[in-house]
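Residue numbering for the sequence shown follows the working numbering, beginning at 2 and increasing consecutively.
Where a beta carbon is used, it is the ideal one built from N, C-alpha and C, also for glycine.
The model shown is predicted, which means the values in this text are computed figures rather than measured ones.
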Amino acid sequence: SVYRRFSSKAALREAVTRRWLRRITDALAPVARDTRTLPAERLRVWLSCFFAEMRARTGDDPQLFATYRILTAE
2 SVYRRFSSKA ALREAVTRRW LRRITDALAP VARDTRTLPA ERLRVWLSCF FAEMRARTGD
62 DPQLFATYRI LTAE
């Protein structure tokens with residue numbers, strides 16, 4: 002059972018969401034490390050890419066995105 006590793010449904014949801022977000026943020030690491038642009042511009046580009054990536058991945062796994070929404074609302 003998955004509950005051997007996770008103490009509750011909430012803990013499982015949190016772990017899955019962290020993994021999902023880590024995949025997105027890992028993909029955006031090159032944007033954050035780009036020293037050719039000013040920090041404010043890097044942040045703007047990073048956030049823009051982050052939200053675009055979230056929208057794209059929502060279509061891939063709407064149930065996982067619904068879980069993310071639940072966790073961020075708590």
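{"Asked": "Three or more C-beta pairs below 8 Å linking the stretch 12 to 20 and the stretch 45 to 62", "Found": "no"}
{"Asked": "From Ser8, Arg6, Trp21 and Arg5, residue whose alpha carbon lies closest to that of Phe1", "Found": "No information on residue 1 is available, as it lies outside the stretch 2 to 75 that the chain covers here."}
{"Asked": "Other residues of its chain near Asp35: CB distance less than 7 Å, five sequence neighbours each side excluded", "Found": "Arg43"}
{"Asked": "DSSP three-state assignment for Thr1, whether helix, strand or coil", "Found": "Since the displayed the chain opens at 2 and closes at 75, residue 1 lies outside it and no answer follows."}
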